[in-house]
Amino acid sequence: MPPPPPISRDIFSIGACVRVDATTTSQGARLHPHVYAPTDDTGTRSGRHRGAAVVSGRRRGAAVVTPPPPPRAVRSRKRKRNKPKNIYETLEASTTWLSSEGPHPVLNHLKEGKENKKPGWLRRDVKKALQLPSTPSGQLKSPERRLLSRIHTTTTTLTPSKRQGFNIASDHAYAWNKHPSTISRSDARTLADGTLTASRKERTDAGTSVFTCEAKREQVYTPLDYYKRWIRHNNPGEPYNDSDLRAAFELLSMEEKVPYGHAAVSLQQKVANAPDDIGKYLRQTNGSISWNMLSEKVRGDGVSIACKDTFRSYVMSLPQSVYQSTKILPMLTSQTKTKRLYWARGFNILWYGAKLVAATVQVVLVQSDEKWFYSLVVRQFLKCIPFFGCHPVAHGVHHKNHIGKILVFVMTAFMPTGNDFEMGGQSFKLLCTRAGAMVEAVRDSYRRVYKDDGSYHYPQIAENLLQSAGDPYFKSMEITGSNEGTDKDPKFSLLKLFKEEGLPAMDVLAQQLTTRTGKRIVMVKQWDNATPHMCKNLKKWMKKEFNNRGWELRNQPPNSPITNTKDSAMFPSMAKMLTAYQGLHNGSHYLQGEELWKGIQHVYNKYPLDTLSRAYMHHAQIANAIVECEGGDEFATASRSLHCGVRSVVHPVYENEQATEPCGVEIR
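In the numbering used here, the protein residues as written are 72 to 739.
Below is the structure:
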């Protein structure tokens with residue numbers, strides 16, 4: 072057997088944003104060929120292939136192969152006739168039927184259907200056999216009527232002796248769930264017409280519009296039509312109906328109707344030229360105009376030429392016309408584009424050099440950022456199902472600015488396999504903490520109680536006590552670079568955080584990876600240019616500590632949240648997971664203080680590592696896209712291109728055979 076062709080790896084290229092189309096391969100973007108082999112020891116009982124317990128998370132050993140087909144069974148000397156699977160195969164079999172073989176296949180098929188299936192079973196079989204989108208209902212559709220005619224013709228041409236023992240009319244009517252008289256009245260000559268289809272009958276004027284079709288304009292804009300429009304234009308708000316206006320128009324003399332005839336011709340000409348005005352106002356507003364306003368602008372001071380629905384149908388039927396949402400993108404000046412381009416080139420140079428020393432050095436990419444998580448997020452399309460007693464919760468707050476929130480700092484790491492993003496890698500969660508600290512209450516505090524007149528007070532009674540003096544509680548603090556504030560106004564210092572938690576967590580991970588791989592670990596830390604991150608004392612201390620360890624500290628380009636996996640993937644996903652947690656664990660009620668923090672910890676711990684790994688794989692593609700766009704963001708506005716096709720080519724891998732949760736991804 073010749074060796075299989077090499078696996079295509081050309082999906083990540085320096086200086087190009089590669090998008091993988093799943094339809095380009097016969098197996099939907101699976102990049103490895105099928106190979107038959109006598110044995111395969113890399114699988115598990117469930118058929119899932121796991122990775123060996125290595126740093127990269129990739130599998131070792133034999134390649135993934137498809138088991139050979141089973142040997143062909145030895146045929147028996149006496150061939151058994153296969154039983155038809157549906158009515159179409161039954162009709163086909165009836166053409167070669169002999170009376171010596173038993174009952175007629177069609178009659179037997181209808182009889183068994185009545186004995187073993189529900190009424191209308193033949194309609195469901197037609198849906199399955201013809202792969203229709205849904206089971207037909209109501210009147211019989213064209214393919215069903217053709218089938219009914221064929222069955223009716225086949226059964227009625229049989230001799231009485233061959234039909235003996237079968238109630239054909241009853242069985243056939245039961246199959247369609249129709250009355251026997253409906254079956255008997257079927258006209259075979261009409262139903263045998265091959266032009267009949269299952270689609271709905273289309274209008275003869277489908278696709279035409281008063282803006283494009285002269286015949287339709289002449290049909291719509293008549294003297295009577297203009298009279299109706301003129302009366303309604305000069306008497307706005309009056310409830311005129313068409314019958315009254317028609318009767319009033321008929322009472323006019325021929326001389327009085329002449330001006331309306333001339334005005335109708337002028338209106339036809341105005342409607343014919345309306346597309347130019349429509350285009351003018353759409354370009355003027357860049358599409359930010361309602362259909363109602365567009366119809367008023369085109370109308371001008373005269374009568375209405377068409378309703379808003381007519382404008383909508385015409386405009387949206389034009390090629391490539393779609394609805395889009397307003398997009399707000401970071402402002403990119405020429406200087407910002409230059410910085411983005413330098414960053415993207417430096418990213419590729421860094422990891423290209425890392426591949427050259429992959430035998431002895433393992434580079435790990437570390438990213439961190441902060442995000443506000445809210446106790447309540449406005450959500451649309453809530454399900455109100457009175458039948459099940461399901462009613463959305465109404466929340467009462469003094470002001471939307473009073474909704475509780477917590478600022479969370481998250482740091483994760485990604486270790487590419489062989490320092491090569493095109494081979495996959497493994498992700499790690501390093502730190503998730505909130506900006507603040509536990510402090511002791513200075514005095515007793517009590518709940519607010521409202522009086523009958525609307526005023527409120529704080530009754531100092533035991534039943535109203537919130538917390539006693541000396542009880543610990545969490546206090547949110549302003550985040551800073553190195554300033555820890557005062558006793559009266561403490562602040563959350565990132566310098567203190569990295570000294571106590573951040574850097575020790577990175578040291579522990581580096582030690583673990585060194586033990587596992589036997590390589591030297593080099594951490595590359597990246598975050599944005601927020602004011603706390605640019606603190607001189609913080610940067611000076613971190614550069615010193617990183618230089619002592621042989622690590623590197625980098626900042627991402629300005630106005631580029633897409634170059635950080637937290638902003639581009641992890642934080643939006645965690646916010647949605649927190650909303651789901653709020654519904655499942657708190658009945659969608661307001662999350663107070665510690666309940667909110669408990670939910671954030673839950674979604675952080677449950678965040679899948681393979682999803683995080685895909686975000687880092689996408690991060691490398693974003694760097695390539697920025698290079699191709701020369702620092703711009705054209706790739707972000709292009710339709711369906713931002714995902715870069717990463718999900719279609721990566722697959723999860725597991726730490727070992729016993730692991731149930733993936734630890735990373737690989738490209739196959």
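From the three backbone atoms N, C-alpha and C, an ideal C-beta is built for every residue, glycine too.
All of these numbers come straight from a predicted model, not from anything done at the bench.
Proximity winner among the options, relative to residue i (alpha-carbon distances)
i    : options                   : result
R55  : I158, G703 and T167       : Only positions 72 to 739 of the chain appear in the structure, and residue 55 is not among them; the question remains open.
L565 : T585, K607 and V736       : K607
E327 : R519, L295 and S446       : L295
L193 : S165, I222, P174 and G173 : I222
A415 : N695, S719 and A164       : N695
S361 : G371, K351, R383 and G373 : R383
C461 : G658, C700 and L713       : G658
P603 : N554, V736 and A429       : N554
F492 : L436, L713 and V464       : L436
L389 : T227, G278 and Y331       : G278
G184 : I532, T227, A244 and K351 : A244
W612 : V717, L568 and L353       : L568
G664 : A576, N727, I474 and I302 : I474
S255 : S639, R216 and G654       : R216
R370 : L427, D347 and R354       : D347
R288 : L421, E726 and Q340       : Q340
Bridge-paired residues (DSSP) for residue i
i    : result
I456 : C461
F480 : E441 and T504
T551 : S564
L624 : K596
P723 : V736
F492 : DSSP output for F492 lists no bridge partner at all.
F545 : M509
P487 : G496
S516 : Q538
R591 : V432
Whether residue i touches residue j by CB criterion (7 Å)
i    : j    : result
R411 : S631 : yes
V342 : V386 : no
L501 : T483 : yes
F545 : M509 : yes
K471 : Y445 : no
P191 : N248 : Correcting the residue identity first, residue 191 is Gly in this sequence and not Pro. Yes, they are a contact pair.
F480 : S498 : no
S165 : P174 : no
D743 : P723 : What the structure shows of the chain is the stretch from 72 to 739, and residue 743 is not part of that stretch, so it cannot be assessed.
V374 : H466 : no
Q433 : T588 : yes
R519 : L537 : no
K543 : E571 : In the sequence as presented, Lys is not what sits at residue 543; that position holds Pro. Contact flag unset, no.
A581 : N490 : no
Y298 : L338 : no
I693 : G495 : no
P463 : L478 : no
T708 : K590 : no
Y352 : K368 : yes
Exposure label - residue i; buried when at least 16 CB within 10 Å
i    : result
W443 : exposed
S526 : exposed
H690 : buried
C734 : buried
I349 : buried
S439 : buried
C455 : exposed
K182 : buried
D242 : buried
S539 : exposed
L323 : exposed
Whole-Å CB distance - residue i paired with residue j, under 8 Å assumed
i    : j    : result
E441 : I550 : 7 Å
L403 : D704 : 6 Å
V593 : R625 : Incorrect: roughly 12 Å between the Cβ atoms, too far for contact.
V448 : T650 : 6 Å
T636 : A686 : 4 Å
A345 : I376 : 6 Å
K198 : S205 : 7 Å
T381 : G702 : Between G702 and T381 the Cβ distance is about 45 Å, and since that is not below 8 Å, they are no contact.
L201 : P214 : 6 Å
M641 : L683 : 7 Å
K379 : N363 : 5 Å
C503 : Y652 : The pair is not a contact, with the Cβ atoms about 15 Å apart (cut-off 8 Å).
G507 : S547 : 4 Å
R234 : L178 : 7 Å
Chain C contact for residue i (CB, 7 Å cutoff)
i    : result
G173 : The chain inventory of the structure shown lacks chain C, comprising one protein chain alone.
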